[in-house]
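A.B. asks: Before I ask anything, let me first share the structure, which is written out below as C-alpha cells.
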Amino acid sequence: MPRTRASAPAGPTPAAPLDTGGLPRPFDAQAAEHLAGRFAERGAAERAFAATPAGASLLAALGGHSPYLADAATRESATLLRLAERGPEASLALALDPLGRSDPDASRAQVAALLRQAKRQAALIAAVADISGAWPLDRVTGALSDLADACTDYACAHLLREAQARGELRLAGGSARFDPRATCRGSGLVVLGMGKLGGRELNYSSDIDLMVLYDPEAATYDVDRAGAIYVRLARDLVRLLEERTEDGYVFRTDLRLRPDPAATPLAVSLPAAIAYYESMGQNWERAAMIKARPVAGDRALGDGFLREIRPFVWRRHLDFAAVADIHSIKRQIHAHKGHKGAHAEVQVAGHDVKLGRGGIREIEFTTQVLQLIWGGRDPALRDPTTLGALAALAAAGRIDRRAAADLADAYVFLRNLEHRLQMVADRQTHRLPEEPEGIARIASFLGFEGVEEFRAALLGHLSRVERRYAGLFEEEPTLAAGGEAGSLVFTGVEDDPATLDTLRRMGFQNPGAVASMVRGWHHGRTRATRSERARELLTALMPALLAAFGRQPQPDAALMRFDAALNRLGAGVQALSLLARNPALLDRLAFVLGAAPQLADHFARNAAALDGLLAGQGNASGGADLAAGLGALVKDARFLEEALEAARRLVTERQFEIDAAALEGRTDPDAAGAARSALADAAIGALLPRIAGEFAKRHGKVPGGALGVVALGKLGGRDMLPASDLDLILVYDHEEDAQESTGGQKALPPSVYFSRLANQVVGALTAPGAEGKLYEVDMRLRPSGSKGPVAVSLSAFRRYHEESAWTWERMALTRARFVAGAPALKRRVEGAIRAAQTRAADPAAVLADAAAMRGRMLRDLAADGPWDVKLMPGGLVEVEFIAQALQVAHAHGRPAILSPTTRLALAALAKAGLLDAEEAEGLIAAERLWRGILAHLRLTVGRWREEALPEPVAAALLTAVAPLLPGGVVDQAGLRAQMREAAARVRASFLRRIGRLDES
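Numbering-wise, the sequence shown is residues 4 to 1003 according to the numbering used here.
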C-alpha cells in the first residue's frame, strides 16, 4: 500500500540526503534502462550516481513511469544530484534563490529564461519528493505554490521596473540589489492568487488563477492613464509566464476569476472591484474568494482589499440561501445517472478524478458550502485549505467527524493520483486512462502491487465521497424536459461541457449562446438581475425556466425574447418573484414568448403583464368595470399627458391579457374580439371628456355643442383583431344659431372648434408614449372620405347618407356603433345612423354593386399568400360582403336584420328567410375560423406568404382553432383541407346571394 501522508511534521526540515526507500518499482523496465543510460552520459558525477542503488532506484522510478520526468532528470541532472545529496527542502530553496537576487536590469528574454529554469528545477524536485514520499501532499502542493508565487512576484517586479523606465510609474524601491518585494511595495499593483494557488494547493500541472487589481492613484503620474498602464502589465505578465519558448513555459495563466470578466479589462481598479462585490457579487464568487490571497505585487494593498470585501465573503447570518446557488455550481462537474460520459458514475477506466462522481471537486464543494454557511459567525472555519477547513468544521461540530475523515483521506488519495496522472506527460489532465495498460502504469506509479489493489482503493474512496456528499445535500432536481436529468450550471466564466450537452438534449440549437446569455444574467449585465435578490431568484428558477423554454418548438428564439424582456425591465425582482411563486406560469410565459414576438415586446416593457397572465383574464366580461376604472384613471390624472400615459398603460396591459388568452386557446375569437372592442370603447369613452375639457379651457364651449365618436369596421362590429385599426367617424352637433364658442381665451366658429377638437382626440389615440400608441386610427370611412373634414356635423352626416352615399359606404355603415359622447348626442346620432341604414334601396343594384366591388378587389388587392384568409376567394371579406350587402338591400322593410356584428347579422338574415339556416351556420363558422386564424397570425408571424407555417406557429394555431372545426384538426395538412372546404362554401354562398364576379 502506498504512503499517503496528509501533512508534514512541525518545524523546519534540515538538509539531508533523499530517502529513496518509498520509490515505486518501474512499470516500463526498458524505459527505465534507457533513462539510466542517458543520465550516465551527462558526466562522471551522473555515472557515479546512476551506479549507486539509490540512484538506480530513483532513475528507474522516474524513467519507468514518466517520459516527462525522464527528460527533466536528464536536462536538470545537476538538480537531481543536489536533491539526492541535500534533500528536497534545501534543493528547492536553491532553485528559487536566483529569483530574489537577479540582475535588476536583466532583459525580458533573460527574465523569461530564468523563470523557466526555476520552473524546471522546482517541478523536478517536487515530483521526486512526492514520488519518494519525502514530502506529504500539503508540502508538495505548498512547494508548487511557492514556485508560482516566486515566479509571479519576480515577473511583476521586472515588469514594474520596465514601466518605471518608460516613465509610466514611480516606484519606491530602486537599489542596485534586486528585491521583488521591495520593488512591488507601493506600486499600486495587486495580484491575487485564486483557486488552488490561493489555497496553496496547486497541483502538478495546474494553471494558475490570478486576479490583477490596481490602485489608480498609487504610482501613476496620470490617473486617467492608469487603467491602460496596468492592463498592459497584466497582459505582459500572462505572456511572460505562459509563452512557450525553447526553455518551455512557466505556468498557464487564467485571469477569468476577476469581477465580471466578459465586461472588464484584464486589470480592474480596486474601487471598481469593491463596488462590484458589494453590489453584484455572486455566491460562486464568495466561494472563490475563500482561497484568495496576495501572491505578488503590493501585498499590503492586497490584504487591505481582502479586508474590505470580507463582509461580502463572510456573512454573519446563516446563509442557507447560498446552498442552492453553490450546489448549482456542483452541477458543473457531474451529470446525473443515465448520462453517458466520464462523470456519470463511480468507475475506474476513464474516470475523471477531479470532476467525476466522488471526485476532488465534490470534496472541495462540500467544504466550501459549509464554510460559506457557518464561516460568517465562526472565523475559525475560514481556513483556505481543504484539509484544514475539514478539520476545523469537524472540530466545530459542523460536519460529522467520521465524514470529515473519509473526505480528508479521499482528498489525499485523489490528489496524489491526480499528480501521477499529470506527471506522466506534464499534461493538465484529471482523467484515468481508458486502456488497461495505462491504468496499470498509474497503479504502479502510486506504489500499488497490482491493478486490483489500486481499483479497490480508488472505488472505496470514490464511493465514500459520493455517499457523504449525498448525505449532506438533497437530491439534485430533474432539469431537462421529459423528466430527463442533466447538468445545468452557469457560474464561472466558461462553458461547462455537461451543461451544453444538457441544453442540447433539451432542444436548444445553440447551447453555447444560451449558456453565455444565462451567464450574463447571473453576472448582472441586465438591469433586471443586478440586485442580489433577483439573482437568487434566478438561480432557483433556472432549471424550471430552461425546461419550460426547452419545451417550445423553437426554444432558442423564445429564450432570446425572454432575454430581451429582462434587458428592458427596470427591475427583475417583481417578475422573477411572481414566476417563483407560480411555477405553472413559466410554461405559459414560455409558450407566449415562443409563439408571439409582439406579446414578448409588451412583456419586456411591463412586468405587470405577468399578473394578467396569471389571472387568466381575456374574456369580454367586466366591460363596465373596465370603463369605470379607466375613466377614473384619466379623470384623476394631474394633466393630460399623465392621463394619456395611464390610459396607454392600462390598455396595453389588458391587450396583453386578451391576446395571451386567445393565443393559448383559453378564449374563443368571439370573446376575444368583444374584449378588445370593449377595451377600445373604454379608452375612447374615458379620453373624450378629458380632452374636451382641456380644449374648453382654451376655447370655451359651443352652445349646445358636443362631439361624439362613431365606430365602424371591426370595432363597430365588436370583433376587433390584434392590432386592428379603429375605423372612426367623429360627429358633432350644436345649437342651430351658435356662431362661435364662448367662455374661453380664444373663440372659434363651430366647424373650426370641432375640427380642432377632433384632431386632438385622434392625436391622443395615436400619439406614441412610453407604452407605445393606444391605437392606429383610420378616418377614411367618414363622409367624403379623406377629402372631407375630420369632424362632420350631424346635419351633414344625415344629408350625405340621404343623398350621396355610395353602396360601399352604406355597407360600411351597417357596422356603425356610437361608442363615446354625451347621451343626448348619442340618441340623435344613433337615430341618424338607423335612418341611413334603413333607407330604401334597389336590392338588385346593391347586390350588383357589391359583386362589382369584390371583383375589383380581387383584381387590385389579391390575397397575399395562402394564409391571407381575409382577402382570399371565400375569405373573411366575402363573408362580410354577404352580410352587409343583404342588410343594405333588405333593411328598409326588415330592420330586425340589422346588427353591426357579422355573425349576429347572418343569424338575423337566416331568421328572416334571406339565408338558409344551414348556409348561415356555415358562413358563421367560416367567419369565426377566419378571425381565429387572422388573430393568431397577427400575434405570431404577421404576413406569411409560404404554404407551410413555421412549426411553433403551426402547433399553437392548431391548438387554438381545433375547437372551431367540426372534427378538430391534427396537422397543418388537415387544417388546410378544412380551410379549402370552408372557403368553397363561402364562395358558393357569395355567388348565390350576391352575384357572379368579374375577376378579369
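Cβ atoms here follow ideal geometry from the backbone N, Cα and C, with glycine treated the same way.
Under the DSSP definition of a beta bridge, which residues are partnered with Ala823?
C.D. replies: Val712, per the DSSP bridge assignment.
A.B. asks: Relative to the alpha-carbon of Pro107, which residue among Ala185, Val194, Arg41 has its alpha-carbon at the smallest distance?
C.D. replies: It is Ala185 whose Cα lies nearest to the Cα of Pro107.
A.B. asks: Since Pro558 is in the alpha helix (DSSP H), which residue starts that stretch and which ends it?
C.D. replies: Pro558 -> alpha helix (DSSP H) spans 558 to 571.
A.B. asks: Taking Ile997 as the reference, give the member of Leu917, Ala958, Ala270 with the closest Cα.
C.D. replies: When only C-alpha atoms are compared, the closest one is Leu917.
A.B. asks: Which residues bound the alpha helix (DSSP H) around Arg522?
C.D. replies: 514 to 525 is the span of the alpha helix (DSSP H), which, as asked, contains Arg522.
A.B. asks: Where DSSP assigns a beta bridge to Met197, which residues make up the other side?
C.D. replies: For Met197, which the question treats as bridged, DSSP gives the partners Asp212.
A.B. asks: Beta strand (DSSP E) containing Arg296: first to last residue?
C.D. replies: Where Arg296 is concerned, the enclosing beta strand (DSSP E) stretches over 296 to 300.
A.B. asks: To the nearest angstrom, report how far apart His590 and Arg669 are at their CA atoms.
C.D. replies: Reading off the sequence shown, one finds Asp at residue 590, where the question assumed His. Answer to the nearest angstrom: the Cα atoms are 14 Å apart.
A.B. asks: I'd like the list of long-range same chain contacts for Ala518, defined as Cβ closer than 8 Å, with 5 residues on each side in sequence excluded.
C.D. replies: If we look at Ala518 and ignore the five residues flanking it on each side, its Cβ neighbours are Phe493, Asp498, Asp499, Thr502, Leu503, Leu506.
A.B. asks: Out of Arg842, Phe308, Pro706, Ile211, which has the shortest C-alpha to C-alpha gap to Cys154?
C.D. replies: Cys154 has its Cα closest to that of Ile211, out of Arg842, Phe308, Pro706, Ile211.
A.B. asks: Quick test of your reading: Leu38 and Gly66, contact by CB under 8 Å. State the CB separation rounded to the nearest angstrom.
C.D. replies: With 8 Å as the limit, Leu38 and Gly66 qualify as a contact, their Cβ atoms being about 3 Å apart.
A.B. asks: For Thr745, write down the residues that DSSP places opposite it in a beta bridge.
C.D. replies: Note: Thr745 sits in a beta bridge opposite Lys704.
A.B. asks: If we ignore side chains and look at the alpha-carbon of each, how far apart do Ala991 and Ala920 end up?
C.D. replies: One C-alpha to the other measures close to 15 Å.
A.B. asks: Any idea if Ala473 is buried or exposed, counting beta-carbon neighbours within 10 angstroms, 16 or more meaning buried?
C.D. replies: So Ala473 ends up on the exposed side.
A.B. asks: Can you grab the Cα-Cα spacing for the pair Pro387 / Ser208, in whole Å?
C.D. replies: Each residue's Cα considered, the two are about 20 Å apart.
A.B. asks: Going by C-alpha to C-alpha distance, which of Ser798, Gly510, Ser69, Leu1000 sits closest to Ala550?
C.D. replies: Measuring from the Cα of Ala550, the nearest candidate turns out to be Gly510.
A.B. asks: Taking a contact to mean a Cβ-Cβ separation below 8 Å, would you say Ala985 touches Leu932 in this structure?
C.D. replies: Yes, they are a contact pair.
A.B. asks: To the nearest angstrom, report how far apart Leu213 and Thr769 are at their CA atoms.
C.D. replies: The straight-line gap from Cα to Cα measures roughly 57 Å.
A.B. asks: For the pair the segment 238 to 246 and the segment 302 to 322, tell me if three or more CB-CB distances fall below 8 Å.
C.D. replies: The segment 238 to 246 vs the segment 302 to 322: no contact.
A.B. asks: In the DSSP output, what is Tyr414 paired with across the bridge?
C.D. replies: Tyr414 pairs with nothing; no bridge assigned.
A.B. asks: Going straight from the alpha carbon of Leu461 to that of Leu390, what length do you get?
C.D. replies: Taking the straight line joining both Cα atoms gives about 19 Å.
A.B. asks: Considering Ala270, what are the terminal residues of the beta strand (DSSP E) in which it resides?
C.D. replies: That run of the beta strand (DSSP E) goes 270 to 272.
A.B. asks: If we count the other Cβ atoms within 10 Å of its Cβ and call it buried at 16 or more, is Gly284 buried or exposed?
C.D. replies: Its Cβ being crowded by 16 or more others within 10 Å, Gly284 is buried.
A.B. asks: From the DSSP output, in three-state form, read off Ser60 for me.
C.D. replies: If DSSP states are grouped into helix, strand and coil, Ser60 belongs with the helices.
A.B. asks: What does DSSP give as the partner residue(s) for Ala794 in the beta ladder?
C.D. replies: Note: Ala794 sits in a beta bridge opposite Leu733.
A.B. asks: Can you look up Asp499 in the DSSP assignment and give me helix, strand or coil?
C.D. replies: If DSSP states are grouped into helix, strand and coil, Asp499 belongs with coil.
A.B. asks: DSSP beta-bridge partners for Gln434?
C.D. replies: This sequence places Arg at residue 434; Gln is not what is there. In the DSSP output, where bridge partners are listed per residue, Arg434 has Asp355.
A.B. asks: Quick one, are the C-beta atoms of Ala844 and Val793 less than 8 Å apart?
C.D. replies: No. Outside cutoff.
A.B. asks: Going by CA-CA distance only, name the one from Thr77, Ile128, Leu633, His737 that's closest to Glu92.
C.D. replies: For Glu92, the nearest C-alpha among the options comes from Ile128.
A.B. asks: Determine the burial state of Gly486: buried for a count of at least 16 other Cβ atoms within 10 Å of its Cβ, exposed for fewer.
C.D. replies: Low confidence applies to Gly486: its pLDDT is 42, below 50, so where it sits in the model is not reliable, and the reading given next is rough at best. Exposed, since its Cβ has fewer than 16 Cβ neighbours within 10 Å.
A.B. asks: Grab me the residues of Pro752's own chain with a C-beta within less than 6 Å of its C-beta, minus the 5 sequence neighbours each way, in chain order.
C.D. replies: Glu743.
A.B. asks: Any heavy atom of the ligand PLP closer than 7 Å to the CB of Asp306?
C.D. replies: You won't find the ligand PLP in this model; it holds no ligand whatsoever.
A.B. asks: Expressed to the nearest angstrom, what Euclidean distance is found between the alpha-carbon atoms of Glu220 and Val226?
C.D. replies: In a straight line, the C-alpha of Glu220 is about 6 Å away from that of Val226.
A.B. asks: Here's the rule I'm using: 16 or more other beta-carbon atoms within 10 Å means buried, otherwise exposed. How should Lys638 be labelled?
C.D. replies: Classification for Lys638: exposed.
A.B. asks: Identify the continuous alpha helix (DSSP H) that holds Met292 and give its terminal residues.
C.D. replies: Where Met292 is concerned, the enclosing alpha helix (DSSP H) stretches over 286 to 292.
A.B. asks: Go to Leu653, then tell me how far its alpha helix (DSSP H) extends in each direction, as first and last residue.
C.D. replies: Per DSSP, Leu653 belongs to the alpha helix (DSSP H) from 643 to 666.
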